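A.B. asks: So that we are looking at the same thing, I have put the structure below in structure tokens.
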Amino acid sequence: MPHIEEGVFRSKLIDRQNRGTAMRRLYAASFGVAILALVLLVLTIVNEAFGYVALVYKVEPETISDRPLAELTEPELVALLVEKAPGQLPKMVSDALSPMDLQTFARAPLGQSLADKQVPAEHADKAPADIPTGERAAVMGQILSGNLTQEQILELIEAAILQPTVSESWPLFEGLFNRGAIEERLVELFPDEITRPELRFKSWLRLEMLTKPMDSNPLVSGVRTALLGTVYLLIIVVLTAFPVGIAAAIYLEEYADPNKWYNRIIETNIRNLAGVPSIIYGLLGLQLLVRFMGDPATGGLGITSGQAFGIIDGTGRNIITAGLTLALLVLPVVIINAQEAIRAVPPSYRDASYGLGATKWQTIWRTVLPSALPGILTGIILSLSRAVGETAPLVVVGASTFIVQDPGLFTRFTALPIQIYTWTSRPQAGFRELAAAGIIVLLVLLIAINTIAFVLRNQARRRLQV
Amino acid sequence: MEQTMEGTSYSTERSRLLSQALGKHAARAGIGKRPRPNERLIVVLLFAAGVLSIFTTAFIVLFLGTEAVSFFQSRAWIYAKMLVVDQAAAPVSLRGDAEGALNSTGTSLLLDLGDLSRVPFMPGALIQIGDEIMRVAERRERSVIVERGYLDTQPQPHPPGAPILTLKEDSVRTVEAIKEEDTRIVLPENAAGVFAVGDIIHLETETMRIAAIEGDTLVVERGLENTLRRAYPANAVVQVERRPTLLAYLTGTRWQPQTGDFGVLPLVQSTFMTSFIAILTALPVGLAAAIYLSEYATQRVRAFLNPLLEILVGVPTVVYGFFALQFVTIGVLRPLFGVDIYNTLSAGLVVGIMIVPTIASMSLDAMGSVPRGLREASYGLGATKLETIARVVLPAALSGIVAAVILGISRAVGETMIVAIAAGAGPNWTFPPNFTVGAETMTGHIARISGGDLSYQSVDYTSIFSIGLTLFIITFLLTQISTYITRRFRELYE
Amino acid sequence: MTQNGHHPRAVDIQNISVYYGSYRAVRDVSIPVEKNKITAFIGPSGCGKSTVLRAINRMNDLVPGARVEGQILYHGRNLYAPDVDPVEVRRRIGMVFQKPNPFPKSIFENVAYGPRLLGVRDKNTLRQIVESSLKQAALWDEVKNDLDKSGLALSGGQQQRLCIARTIAVEPDVILMDEPCSALDPISTQRIEELMQELVSQYTIIIVTHNMQQAMRVSDYTAFYSIRKAGEGKEETRWGELVEFGETQQIFTQPQEAETADYISGRFG
Ligand SMILES: Nc1ncnc2c1ncn2[C@@H]1O[C@H](COP(=O)(O)OP(=O)(O)OP(=O)(O)O)[C@@H](O)[C@H]1O
Ligand SMILES: [Mg+2]
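Protein chains in written order, with the numbering used here: chain A, 1 to 466; chain B, 1001 to 1494; chain C, 2001 to 2269.
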């Protein structure tokens, strides 16, 4: 090394190596950012889904009983119910104990509507409507205390008589680490110590959420209707997008001559569609499915709104149009993934099948598709996950924000992400927390779908291999 | 040979079994063409499934196009407004002492303190001193800052104690009753300046066209568009027609189609603001991730990191939106920088996180297709890994990375829920762009407006389709450019 | 050489040329394939042995742009006549490939695949067919206890015998084998060769091989192909041609053409 002194060279080299190591750390740190974002995301959701609330009661517990309610016995609690909310008792019994809706329940003999429950023998053959108004509450109370625990009755009292609403709510970590400030704030809000509500821990994520419909009171609101909506949407997507998508993929991979102009157009077109923003699909669904194929009152064909099938009041803003919109949306993803899976099937399988005298379709159906199945399933997981979380197109085709009845095919509907969206944008205390709880439900659903599909895929794969 | 005998019996047995199971005819029919109607039908069905996607595109283009056209044919009727002196406002005047005098360039009005407390002088309000109209820019403790010479009036000096008139907008109303056969509409003083010859106006439901303006009188053609000629009492409100023009649509900075403001720029601006922030976030993170995965990570590490990116892809956007609002805005940006509750910064940051996987995986592809030979040449010359990446791999993969960025922008532009939740609920044009305040993007606007039950004939309905078309064109061009670059890049190395 | 008419022919290849697009890969090949005999195709790589072989059961139809001129007679009918159904042809002229290619299904399903295609549904019949095919392919004893195991779980030699069992399960007339032993070890090769000897009493076999000894050991007739060139530089075209066809004995001991002699003695390509 005549010109560069050995020492200089080496120190330069070490310099260069050090710089390399530093940059390497920096690159790796990018994943730190990604992990951090995910962790923060999860923490934010947990932080909101659990927390502390100050409840104010429409009727203060002290005003209906001298002793704390929790200490009262079952009969005493029932007596309270009968005294303070006699009119609501049949509904409570019907909701808590009978599978029937209130209308049917009122007209059916108790022995029948509450078949497997404790019913006083002398009333078993009477319907609630037959019992004289004066006695009805008492009989209902008797049935409640016969079938429910003290805690359950306490809950009923809380909902029917005390009627709590959230006055203020605080996220979990604030409640855990900054309790003092919250207490101060409470004192500020409720200077009168007698009426000051106590700070309670509240898990907004409740198991009853799954079975309770939406409610304007965040304390009792559930996601049942939204969850059902989402499930129905998924079913429609599975039934429409998957067969069509896989069929299109088979056509493109097995039958289409890539030199034909129309096949090239189809191919390019699918790739372009995959890049179209989801909200545009919403507009497509709104115009094509909701407007033109929807309500005849606004010039539609009455197909998607149900008039063609005898439904009278369909508007076209329903599960079907929303589901089909989502199906159109995921179709390109399904096709592209299925194409890749089909392309990956070794040509030797095809040769073997043809060599045995199989027709083209027999070869595809019996050899190509089974071999491509794991890959196709992977694409399906992707697109199902996408369909579950997709919100914008549903908003555009007109998902409702507040649905109490279980949705039917032609009724108004809502879906989980829509609920999360509306709850997130509501200013009243309790709704953002509810949104967080809804998010947890949504994420659990997503994880469930992915797990099921993952297992299915691995099974299919194992069947193919040894 | 015994073996052969056995073979014979196997074969005969199979032949027997086959012809038994299938009937003689099926087992050994000739090799002639067989009709296979099922196969034909299947091909037709498969082809139909393939063609369906063409219809999807066709319908998207058709609907966005036709509704956008009807948007540009739509009209909004707005009340013709004129400025009048607000008689109800409390009388105020410039301060009486010498300091109260205002020369023709000063912008600070000194008022008596009593006056200041009585009159709000909200920013944007118009006031008149003498013949000059001024616009209130800011209200200070002892004075009011104004912009001089508003609405084509000339800045003039004003003496101390000059009375200040508060102006307000008022609808233009007719002065005299109009009979069925009249063609002249008399307006209050100065009101005719609001109109121009050729304007289409409405009195109640009757459409008229201004044929000429004579002083304060409009000469009109009446009963146009088959509307009924009627008589009107004095004080009838005059409405004037506004139509969107392409120019107004593309250059206007206010979006309020119901009241005749058809400028899409505020929506486009905030869309690009959030996308800009998003790319600023996602590019370094995504590119670094791609470099790490492609050049450093071992197989094991990769098996751990790839799913991480997949999870980022799998999180529903509405959840990201929640995160943007609850954590990024309320948890971080607001305490630190005092931003508005809705702002484009937070939405952009989270959209950025969302598109990191897009950028990472496309960049990874790009770097993966840089030929080994190039790298080896660089190592062979004694370059370190970093130097090889920076001087050889990245430049070689540059166009692929550019394609990734463009596709990322396209994703960001089309993203809806994050911006709908976190960016704001009203169009807002800010210049220079202000990232700390709320502003609705194109997608956010469509989502909000379409949320209600829209009447299919309303301007709102057609307007979201025209915005949709704009959005479609933007994202389509971006994806096309990205695909084009990617293809060129591939051809280079394959 | 056989004299026309004396021996029954399974397949009579008459003057065929095979094109891939506009490229004429093989020119003017004529081979009378005798029934219940083994005919071997030998020749240097790229001379078109596989191409001709695949022309016999119309597998080349599956290659976009491939086309055959001339005729191949099968039971007196031209396989390339417009009214012939290639699917039906492949049922009668089965094929075994170079790389063993069992389906990713169970051993049973692999063998039952063909009968199922034909429309056999009865489980019992299928079982009998599978059993007799596996026995005839000399695989039964090795797999009879795990018919539900994946075909891919077998060794290469077993896989190839499975493929043969799969082919004979539909009772073809002719079995085409494209280098069936090139991916196998010597022992497996020997078993396949023995198997061929047994099968030939029932079927006509055409085999492509690069292994001279194999051709000599198993075949009754041999067809030797070679590559021809014309033109220079960019203009150069190559195609395959049949150089010589005859009884194996004769081809290997007294070749008529010098080129054949060069090739079999290893002085060639
Ligand atoms: N699908 C195809 N498309 C175009 N050309 C092909 C195709 N298959 C084969 N060819 C060409 O036809 C010629 C003959 O190929 P073929 O595979 O028949 O040779 P081969 O004698 O079987 O060679 P090998 O001994 O290597 O298997 C070659 O030049 C080859 O490149
Ligand atoms: Mg070959």
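We treat Cβ as the ideally placed atom computed from N, Cα and C, and that holds for glycine. Since the model is a prediction, treat every value here as computed from it, not as a measurement.
By Cβ distance below 6 Å, which residues in the same chain neighbour Ala1404/B in space, the five residues on each side in sequence not counted?
C.D. replies: Working through the second sequence from its first residue, we reach residue 1404/B at position 404. Within the same chain, Ala1404/B has close Cβ partners Ile1359, Met1362, Ser1363.
A.B. asks: Residues of chain B with CB under 8 Å from Thr474/A, in chain order?
C.D. replies: As shown, chain A starts at 1 and ends at 466. That puts residue 474/A outside it, with no answer to give.
A.B. asks: Residues of chain A with CB closer than 9 Å to the CB of Leu2126/C, please, in chain order.
C.D. replies: For the purposes of this step, residue 2126/C is identified with residue 126 of the third sequence, where counting begins at 1. Going along chain A, no residue has its Cβ under 9 Å from Leu2126/C, so there is no contact; the nearest lies around 14 Å.
A.B. asks: Measuring only the C-alpha atoms, how far is Ala352/A from Glu2109/C?
C.D. replies: Against the first sequence, residue 352/A aligns to sequence position 352. Against the third sequence, residue 2109/C aligns to sequence position 109. When rounded, the distance between both Cα atoms is 13 Å.
A.B. asks: How would you write the range of the beta strand (DSSP E) that Leu1109/B sits in, first residue to last?
C.D. replies: Here residue 1109/B is taken as the residue at index 109 of the second sequence, counted from 1. First-last of the beta strand (DSSP E) with Leu1109/B: 1108-1110.
A.B. asks: Examine ligand 1 and report whether any of its heavy atoms sits within less than 8 Å of the Cβ of Arg2238/C.
C.D. replies: Looking up residue 2238/C in the third sequence gives position 238. Arg2238/C: yes, Cβ under 8 Å from ligand 1.
A.B. asks: Using a Cβ-Cβ cut-off of 7 Å (strictly less than) and excluding sequence neighbours within five positions of Val1175/B, which residues of its own chain qualify?
C.D. replies: As a working note, residue 1175/B is residue 175 in the second sequence. Contacts found: Val1186, Leu1187, Pro1188, Ala1234.
A.B. asks: Using a Cβ-Cβ cut-off of less than 9 Å, give me the residues of the region 2173-2193 of chain C that come near chain B, in sequence order.
C.D. replies: Correct list: empty, as no residue qualifies.
A.B. asks: Return the chain-ordered list of same chain residues with a C-beta closer than 6 Å to the C-beta of Ala1420/B, the five sequence neighbours on each side being excluded.
C.D. replies: Position 420 of the second sequence, counting from 1, holds the residue named residue 1420/B. So the qualifying residues of the chain are Gly1444, Ala1447.
A.B. asks: Write down the C-beta distance between Val2243/C and Ser2226/C rounded to the nearest angstrom, noting that I regard them as a contact closer than 8 Å.
C.D. replies: The residue labelled residue 2243/C in the question sits at position 243 within the third sequence. The residue labelled residue 2226/C in the question sits at position 226 within the third sequence. Correct: roughly 5 Å between the Cβ atoms.
A.B. asks: Which residues in the same chain as Ile2192/C place their Cβ atom closer than 8 Å to its Cβ, once the five residues preceding and following it in sequence are excluded?
C.D. replies: The sequence position of residue 2192/C within the third sequence is 192, counting from 1. Here the set comprises Gly2157, Gln2160, Arg2161, Ile2164, Pro2180, Cys2181, Leu2184.
A.B. asks: Tell me, which residues are paired with Ser1143/B by DSSP?
C.D. replies: Stepping through the second sequence from its first residue, residue 1143/B is reached at position 143. Ser1143/B is bridged to Leu1110/B.
A.B. asks: Could you pull out every unbroken beta strand (DSSP E) segment of at least 3 residues lying fully inside the region 1337-1379 of chain B, listed in chain order?
C.D. replies: Taking only runs of at least 3 residues, no beta strand (DSSP E) segment lies wholly in the region 1337-1379 of chain B.
A.B. asks: Mind checking Leu207/A: buried by the 16 CB within 10 Å criterion, or exposed?
C.D. replies: As a position in the first sequence, residue 207/A is number 207, starting the count at 1. Label assigned to Leu207/A: exposed.
A.B. asks: Quick one: is Met2059/C near chain A, going by C-beta distance under 9 Å?
C.D. replies: Position 59 of the third sequence, counted from the first residue, corresponds to residue 2059/C. At least one chain A Cβ lies under 9 Å of Met2059/C.
A.B. asks: Along the chain, where does the beta strand (DSSP E) that runs through Thr2204/C open and close?
C.D. replies: Translated into positions along the third sequence, residue 2204/C becomes position 204. Looking at the DSSP string, the run of the beta strand (DSSP E) that includes Thr2204/C is 2204-2208.
A.B. asks: Which of helix, strand or coil does DSSP assign to Thr2237/C?
C.D. replies: On the third sequence, residue 2237/C is found 237 positions in, with the first residue counted as 1. Strand.
A.B. asks: Taking only the alpha-carbon atoms, compute the straight-line gap between Leu69/A and Glu60/A and give it to the nearest angstrom.
C.D. replies: Working through the first sequence from its first residue, we reach residue 69/A at position 69. Working through the first sequence from its first residue, we reach residue 60/A at position 60. Approximately 11 Å, taken between the alpha carbons.
A.B. asks: By Cβ distance below 8 Å, which residues in the same chain neighbour Gly1286/B in space, the five residues on each side in sequence not counted?
C.D. replies: Within the second sequence, residue 1286/B is the residue found at index 286, counting from 1. If we look at Gly1286/B and ignore the five residues flanking it on each side, its Cβ neighbours are Ile1355, Val1356, Pro1357, Thr1358, Ile1359, Ala1360, Ser1363, Ala1404, Gly1408.
A.B. asks: With H, G and I counted as helix, E and B as strand and the rest as coil, what does DSSP make of Ser2265/C?
C.D. replies: For the purposes of this step, residue 2265/C is identified with residue 265 of the third sequence, where counting begins at 1. It is coil, neither helix nor strand.
A.B. asks: Looking at C-beta atoms only, is the number of pairs between the region 300-317 of chain A and the region 240-247 of chain A that lie closer than 8 Å three or more?
C.D. replies: The region 300-317 of chain A, when compared against the region 240-247 of chain A, does not touch it at the 8 Å Cβ threshold.
A.B. asks: What alpha helix (DSSP H) runs, 4 residues minimum, are completely inside the region 150-204 of chain A?
C.D. replies: With a minimum length of 4 residues, the continuous alpha helix (DSSP H) runs that stay inside the region 150-204 of chain A are 150-157, 172-177, 179-189.
A.B. asks: Are Ser400/A and Arg317/A touching if we call contact CB-CB under 9 Å?
C.D. replies: Stepping through the first sequence from its first residue, residue 400/A is reached at position 400. Stepping through the first sequence from its first residue, residue 317/A is reached at position 317. Yes.
A.B. asks: State buried or exposed for Gln1154/B, treating a residue as buried only when at least 16 other CB atoms are found within 10 Å of its CB.
C.D. replies: What you label residue 1154/B is simply residue 154 of the second sequence in a count that begins at 1. Label assigned to Gln1154/B: exposed.
A.B. asks: Counting only the same chain and skipping the five closest in sequence on each side, list residues whose C-beta sits under 8 Å from that of Leu1309/B.
C.D. replies: The residue given as residue 1309/B occupies position 309 in the second sequence. Around Leu1309/B: Ala1289, Val1356, Pro1357, Ala1360, Ser1361.
A.B. asks: Counting Cβ pairs closer than 8 Å, one from the region 181-189 of chain A and one from the region 162-171 of chain A, do we hit at least three?
C.D. replies: Segments in contact, yes.
A.B. asks: Beta strand (DSSP E) containing Ala2230/C: first to last residue?
C.D. replies: Your numbering for residue 2230/C matches position 230 in the third sequence. It spans 2221-2230 - the beta strand (DSSP E) in which Ala2230/C sits, taken as one unbroken run.
A.B. asks: Taking CB distances under 9 Å as the criterion, tell me whether Ser2071/C reaches chain B.
C.D. replies: As a position in the third sequence, residue 2071/C is number 71, starting the count at 1. A small correction: the amino acid at residue 2071/C is Gln; Ser does not occupy that position in the sequence shown. Cβ-Cβ to chain B under 9 Å: no for Gln2071/C.
A.B. asks: Compare the C-beta of Gly1030/B with all C-beta atoms of chain C and state if any pair is closer than 9 Å.
C.D. replies: One-based indexing of the second sequence puts residue 1030/B at position 30. True, the Cβ-Cβ gap to chain C drops below 9 Å.
A.B. asks: With the cut-off set at 9 Å, would you say Ala1177/B and Leu1325/B are in Cβ contact?
C.D. replies: As a working note, residue 1177/B is residue 177 in the second sequence. As a working note, residue 1325/B is residue 325 in the second sequence. Contact: no.
A.B. asks: May I have all residues whose beta carbon comes closer than 5 Å to any heavy atom of ligand 1, sorted in chain order?
C.D. replies: Result (chain order): Tyr2020/C, Ala2025/C, Ser2045/C, Gly2046/C, Cys2047/C, Gly2048/C, Lys2049/C, Ser2050/C, Thr2051/C, Val2063/C.
A.B. asks: Along chain F, in chain order, which residues have C-beta atoms closer than 7 Å to that of Ala1049/B?
C.D. replies: In summary, chain F is missing from the structure at hand, where the protein chains are A, B and C.
A.B. asks: Which bits of chain B does Asp1957/C rub up against, with CB to CB less than 7 Å?
C.D. replies: Past the boundaries of the shown model lies residue 1957/C; chain C is included only from 2001 to 2269, so the question cannot be answered.
A.B. asks: Do we get a CB-CB distance below 9 Å when we pair Ser1959/C with the residues of chain A?
C.D. replies: Within the shown structure, residues of chain C are numbered from 2001 to 2269, placing residue 1959/C beyond reach of any answer.
A.B. asks: Span of the alpha helix (DSSP H) holding Asn2124/C?
C.D. replies: Against the third sequence, residue 2124/C aligns to sequence position 124. Taken as a continuous stretch (DSSP letters only), the alpha helix (DSSP H) holding Asn2124/C covers 2123-2136.
A.B. asks: Output the boundary residues of the beta strand (DSSP E) element that contains Asn2015/C.
C.D. replies: Your numbering for residue 2015/C matches position 15 in the third sequence. Looking at the DSSP string, the run of the beta strand (DSSP E) that includes Asn2015/C is 2009-2020.
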